[in-house]
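Residue numbers (full-length UniProt numbering): 1 to 247. We put the CB at the ideal spot given by N, CA and C, even for glycine. The next block holds one structure in the form of structure tokens; read it before the comments.
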Amino acid sequence: MPQFLDRDGTRLAYEHSPGEAPGIVFLGGFKSDMTGTKAVALEDWARRQGRAFLRLDYSGHGQSGGTFEEGSIGRWRDDALAVIANTMPERNLLVGSSMGGWIALLIARDHPDRVGGLVTIAAAPDFTEDGYWAAFSDAQRVELFERGHIAVPSDYGEPYVITRHLIEEGRDQLVLRTPLPLPFPVRMLQGTADADVPQDWAIQLLGHAEGPDLLLTLVKGADHRFSEPAQIDLIERSAADVLSRMT
């Protein structure tokens, strides 16, 4: 059963498994929730290792309160920081999937005292700008500014409602335009058949980030879900590798 934390009147849902530190924090993607295949599989693995584990739903996601349309990258980062501070305030291993990779990078850059290592899975830093905004036509950009939102088709169900606030606030959270120090072990995982996050983004992130122990693994044929058994095994092995190197 989920636990809840009140943050400024919004109930944030999370699942926390106690165990040995450093713990593992799983940060999910855009419109995903904490019951996804990767989050649950990694939690099971952490429990077998006796390792503390945290997964959570941002506001407007899953079992948390609030509405998705009111959200933004900065708000969801702060949701994650609030739950982490409440449950596992030590230096943890962050595992960020898709948008969760961006959020993990923001936390690593701005709150390095919370982070001892990082694993990203199809990380999507700056996707509001380099993905959505860059792909919008002039007509879509006009609609976004005049109406305040636009519906974008999704391969995962209902169209995504992209708001003007999401785009504009996202520009305050970009990580690929300024230095990005990652002074701890980092493992980046990326599928070559990912239709949502191009492998070029992963290569750009690797080239841009600064750190002594950064490794990118490209998995031929893997898509954005990155949830096949062999891919889950790779996530777990990457987490074990980073944990073994954390001090």
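Kindly indicate which residue of the options has the alpha-carbon position closest to the one of residue i.
i	options	result
Glu43	Val95, Gln63, Asp8, Ala82	Val95
Asp172	Asp126, Gly131, Val197	Asp126
Gly29	Leu5, Leu56, Gly50, Pro22	Leu56
Met34	Leu105, Gly9, Ser64, Ala124	Ser64
residue 299	Phe145, Ile84, Pro153	The displayed coordinates of the chain run from 1 to 247. Any statement about residue 299 would go beyond what the structure contains.
Glu129	Glu168, Ala80, Gly221, Gly50	Glu168
Glu20	Ser32, Tyr58, Gly50, Glu210	Gly50
Thr67	Pro183, His208, Tyr160	Tyr160
Arg109	Glu210, Ser98, Ala134	Glu210
How would you write the range of the alpha helix (DSSP H) that residue i sits in, first residue to last?
i	result
Gln190	Run containing Gln190: none in the alpha helix (DSSP H); it sits in the beta strand (DSSP E), 186 to 191.
Pro229	229 to 245
Thr87	73 to 87
Gly170	164 to 170
Asp110	99 to 110
Leu144	138 to 147
Ala13	Run containing Ala13: none in the alpha helix (DSSP H); it sits in the beta strand (DSSP E), 10 to 17.
Gly207	199 to 208
What are the start and end residues of the beta strand (DSSP E) that includes residue i?
i	result
Leu42	Per DSSP, Leu42 belongs to no beta strand (DSSP E); it is in the alpha helix (DSSP H), 37 to 49.
Gly23	20 to 27
Phe30	That residue, Phe30, is in no beta strand (DSSP E); it is neither H nor E in DSSP.
Phe226	From DSSP, Phe226 is part of no beta strand (DSSP E); its letter is neither H nor E.
So, is residue i buried or exposed, given that buried needs 16 or more other C-beta atoms within 10 angstroms?
i	result
Leu243	buried
Tyr156	exposed
Ala151	exposed
His111	exposed
Leu48	A small fix is needed here, since residue 48 is Arg in this sequence, not Leu. It counts as exposed.
Ser137	exposed
Phe145	exposed
Pro22	buried
So, at 6 Å on beta carbons, what are the nonlocal neighbours of residue i in its own chain, with the 5 sequence-adjacent residues on each side left out?
i	result
Ala46	Ile24, Phe53
Ala82	Arg7
Asp213	Pro185
residue 269	Examination of residue 269 is not possible in this model, given that the chain is present from 1 through 247 alone.
His16	Leu54, Thr87
Leu215	Arg187
Only counting the same chain, and skipping five residues up and downstream in sequence, which positions put a Cβ closer than 8 Å to that of residue i?
i	result
Ile235	Lys38, Ala41, Leu42, Val95, Val119, Ile121, Leu189, Phe226
Ala195	Asp155, Asp223, His224
Leu218	Gln190, Gly191, Thr192, Gln199, Ala202
Asp241	Pro185, Arg187
Ser238	Val119, Arg187, Leu189, Thr217
Pro18	Ala52
Mind reading off the beta-carbon distance from residue i to residue j? Whole number of angstroms is fine, and I expect it under 8 Å.
i	j	result
Gly116	Asn92	6 Å
Leaving out the 5 sequence neighbours to the left and right, which residues in its chain are closer than 7 Å to residue i when beta-carbon positions are compared?
i	result
residue 257	The requested residue 257 is not part of the displayed model; the chain covers only 1 to 247.
Phe4	Arg11, Leu12, Ala13
Is residue i close to chain E, meaning its C-beta is less than 8 Å from at least one C-beta of that chain?
i	result
Ala139	Absent here is chain E; the protein component of the structure consists of one chain.
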